[in-house]
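Here the sequence shown stands for residues 1 to 250, where the numbers follow the working numbering.
C-beta atoms are modelled at their ideal positions from N, C-alpha and C, and glycine is treated no differently.
The model shown is predicted, which means the values in this text are computed figures rather than measured ones.
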Amino acid sequence: MASTQGVKVHYEGTEVPADLPDHHEWCAGRVRDIQAAHLANTSEGWIDVAYNALVCCHGYVFEGRGLHHETGANGNQPLNRAHYAVCGMIGDSGLTQPTDALLNGLRDAIEWLQQYGGAGPEIKGHRDGYATDCPGDPLYAWVQAGAPRPGGGAGGVRGGGGTGAQSAPPWPGEYLQLQDPLLHDDNVRTWQQRIADRGWPLTVDGWYGEQSRSVCEQFQQDSTANGWPLTVDGVVGPETWRASWERPLS
Numbered sequence: 001m002a003s004t005q006g007v008k009v010h011y012e013g014t015e016v017p018a019d020l021p022d023h024h025e026w027c028a029g030r031v032r033d034i035q036a037a038h039l040a041n042t043s044e045g046w047i048d049v050a051y052n053a054l055v056c057c058h059g060y061v062f063e064g065r066g067l068h069h070e071t072g073a074n075g076n077q078p079l080n081r082a083h084y085a086v087c088g089m090i091g092d093s094g095l096t097q098p099t100d101a102l103l104n105g106l107r108d109a110i111e112w113l114q115q116y117g118g119a120g121p122e123i124k125g126h127r128d129g130y131a132t133d134c135p136g137d138p139l140y141a142w143v144q145a146g147a148p149r150p151g152g153g154a155g156g157v158r159g160g161g162g163t164g165a166q167s168a169p170p171w172p173g174e175y176l177q178l179q180d181p182l183l184h185d186d187n188v189r190t191w192q193q194r195i196a197d198r199g200w201p202l203t204v205d206g207w208y209g210e211q212s213r214s215v216c217e218q219f220q221q222d223s224t225a226n227g228w229p230l231t232v233d234g235v236v237g238p239e240t241w242r243a244s245w246e247r248p249l250s
């Protein structure tokens, strides 16, 4: 599929071990178990795990059907074509409350599908349009609240942030730049969040893709034009990192 209206959030809907947060080493195996259960369900005729992505309670995103593939999870073919599907790996008993890491991971997955998979802005629950308890009351309440990142951040494209300068955190020692495969880590997210909070239109998703490179170049050009010379190369090195926090913005 070239695009969808957005993304629907799911949960496992069965018992999930309450102590799973202490055992990330179980998560990859649990994803494979879900895939195997779906493939064993001959009445549904699934060709693979039904979800486009799955997210564990530690915040890791596992690729399922991935980008530009119709999901098998939303209830029927029209619903499957309308939205991608992302599963938060909590259940209806045992582990039922989403962790902050899970919610951040869900935002990562949603923003990945939006940026690279053509997903539109809608974020809904499985129960929106189909008679089911999925994704459970806690996750559905989060969806209805706008699917915010924990701590008050909303993720996605931001603007109108504060312009005040402040001391930069220590440079992490890695150059943030466009590469193949794409760089994805907390250092990228930290820089993106700072730039977005200062009013630049940048998706905060931890991926250093074409949008991050372009915004970095714009910031470097603007800084140079306003008396804070930087190399305009779209790479967040130590000087661009420092300027992102310490340069006063007009």
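Query: Identified DSSP bridge partners for E252; Result: No statement about residue 252 is possible, as the shown extent of the chain runs from 1 to 250 and does not include it.
Query: Residues near L113 by beta carbon distance below 6 Å, same chain, minus five either side; Result: V7, Y84 and A119
Query: Between the CA atoms of H58 and D186 - distance to the nearest angstrom; Result: 14 Å
Query: Local Cβ density within 10 Å of A18, reported as buried at 16 or more and exposed below that; Result: exposed
Query: Rounded distance between the beta-carbons of L178 and R213, thought under 8 Å; Result: 4 Å
Query: P98 and H10 closer than 8 Å at C-beta; Result: no
Query: For W207, the residue or residues it bridges with in DSSP; Result: H184
Query: Limits of the alpha helix (DSSP H) - the one that A85 falls within; Result: Careful: A85 lies outside any alpha helix (DSSP H), inside the beta strand (DSSP E) at H83 to G88.
Query: Bridge partner(s) assigned by DSSP for D53; Result: Sequence inspection shows Ala at residue 53; the Asp mentioned does not correspond to that position. Beta-bridge pairing links A53 to E63 and V86.
Query: Those residues which DSSP pairs with G6 across a bridge; Result: H83 and E122
Query: Cβ neighbour criterion (16 or more within 10 Å) applied to H23; Result: exposed
Query: Nearest-angstrom beta carbon gap, Q115 and T190 [assumed within contact, 8 Å]; Result: Not really, about 18 Å apart at Cβ, beyond 8 Å.
Query: Straight-line Cα distance separating W171 from P238; Result: 6 Å
Query: Neighbour-count burial assignment, S244, 16 or more Cβ in a 10 Å radius; Result: buried
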